[in-house]
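Down below is the structure, laid out as C-alpha cells.
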DNA sequence: ATCGTAGCCTGGAGGC
DNA sequence: TGCCTCCAGGCTACGA
C-alpha cells in the first residue's frame, strides 16, 4: 500500500530515470486508469506526445512530473499520478513483455517505457494544470490544491498542524488519515505512529493536550522517515527488477498486520479491531482504549 | 461547516 | 478441486 515513503521512493526513481526524457507514443490500455483526466484518454495522449518530462515532485501521496513545452498555451501542465492501492510506475525497456495489469504505456526517447501498472485500478494518471496550493501557495496540480503540506516538506508547520488537530471533533486516527490535516499518512503509518506515541486510535482529538499532539506529530514524522530510509535502499529495484517488485512489503512494522504477535515494546499480543470498515492495530497495554472513545 | 460512510476494484486466502 | 465469502484501503461523493 503506497503511502508517503513509498511514493517518495517512486519519485526518486522517476527523477533518476525519466527526468529530461521526451515522450513518444502513448497508449492507454485501460480507460479507467485515466478517468481523472476529464477530457478523456485521447486528449491525454495528445497532451503527452512530444512533451519533455521535468523533475518529479510529490506532495503527500500525489506524484507529478511537470511537462516542459515550447508551446506557451501548454505551459504549466503536469503529468499527475496517484498510485491508489496497487499502482506502480515502472521504467522498462519498450520491448519487455507486458505486465499482467499494465494500464498505460508511455514511450520515452531512450528506448525505455514508463509503465503504469495497477491491479485494482484505484490509482490513475492525468494531465492537469498547476495551480496555487491552498495551504502554502506552492505550485501543485489542480487536483492537489486541497492536500496539505506533508511532514517531510520544509514548509511543514508543526504549530499549524497542532492547532488544526486540536480544533477537530473526531477520533485521532480519523484525523491522521485526513489528507487536509496532515498528508501522506495511510492506515499503516497511522497505526505505527499511534503505537510509537502510545496513543489509542479512538482518542477524541478535543481531549488532546498540546504536548501530546506534538508527540504524535513527531511520531508520524519519525515513522515516515524511517520507512523512507528502509525503502530508499532498495528503490532502484523498482525499475530494474524483472518482476517490477517494489520491496516495500517486508519492512519491519511494530503493530500493523501483527495481530496476536508480541508488541515489540512490552510483549503484549497486538490486537486487531474493526475500524472504519478496515483494521486498526494496537498494543492493548501501551495504547489503552480511552474511557470515552471516539471513532 | 463538519463529520461519517458507501462504493469503487481485483486477487489471494481460507472455509467447506 | 472448486466455489464462495471475506479482506486489503485511498479517495471522492454524498448524506446527516
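In our numbering, the protein residues as written are 751 to 1045. Think of the CB as a built atom: it goes at the ideal place given N, C-alpha and C, for glycine as much as any other residue.
| Query | Result |
| --- | --- |
| As assigned by DSSP and simplified to three states, the class of residue 851 | coil |
| Residue 878 in three-state terms, based on DSSP | strand |
| Straight-line Cα distance separating residue 830 from residue 765 | 14 Å |
| Length of the line joining the Cα atoms of residue 1013 and residue 961 | 24 Å |
| Sequence-distant residues of its chain with Cβ nearer than 6 Å to residue 819 (five each side left out) | 801 |
| Beta-bridge pairing of residue 1031 - partner residues as DSSP gives them | 1022 |
| Which residues DSSP lists as bridging residue 921, in chain order | 954 |
| Touching by the beta-carbon criterion (3+ pairs, under 8 Å), the segment 879-897 and the segment 787-802 | no |
| Opening and closing residue of the alpha helix (DSSP H) in which residue 753 lies | Where residue 753 is concerned, there is no enclosing alpha helix (DSSP H), given that its DSSP letter is neither H nor E. |
| Span of the alpha helix (DSSP H), counted from its first residue to its last, around residue 947 | Segment: none, residue 947 is in no alpha helix (DSSP H) and carries neither H nor E. |
| Where residue 962 falls: helix, strand or coil (DSSP) | helix |
| Per DSSP, cross-strand counterpart(s) of residue 842 | 863 |
| Extent of the continuous alpha helix (DSSP H) run through residue 801 | No alpha helix (DSSP H) contains residue 801, which DSSP labels as neither H nor E. |
| Residue 777 (DSSP reduced to helix, strand or coil) | strand |
| Straight-line Cα distance separating residue 911 from residue 807 | 22 Å |
| Segment limits, beta strand (DSSP E) that includes residue 831 | 827-832 |
| Sufficient close CB pairs (3 or more, under 8 Å) joining the segment 918-934 to the segment 947-955 | yes |
| Where residue 993 falls: helix, strand or coil (DSSP) | Note that residue 993 scores 33 on pLDDT, short of 50, meaning its location in the model is unreliable; the coordinates nonetheless yield the value given after this. DSSP places residue 993 in coil when its eight states are reduced to three. |
| Residue 978 burial status per 10 Å Cβ neighbour count (16 or more: buried) | buried |
| Three-state secondary structure (DSSP) of residue 988 | Any reading at residue 988 needs caution, since the residue's pLDDT is 38, under 50, leaving its predicted position unreliable; the model's value is listed next. Residue 988 falls in the helix class under three-state DSSP. |
| Proximity below 7 Å, CB of residue 875 to CB of residue 866 | yes |
| Nearest neighbour of residue 770, chosen from 803, 947, 758 [CA to CA] | 803 |
| DSSP three-state assignment for residue 911, whether helix, strand or coil | helix |
| Neighbourhood of residue 899 by C-beta distance below 6 Å, restricted to the same chain and skipping five residues each side | 885, 886, 905, 906 |
| Range of the contiguous beta strand (DSSP E) that encloses residue 813 | 812-818 |
| Reduced DSSP category for residue 891 - H, G, I as helix; E, B as strand; rest coil | strand |
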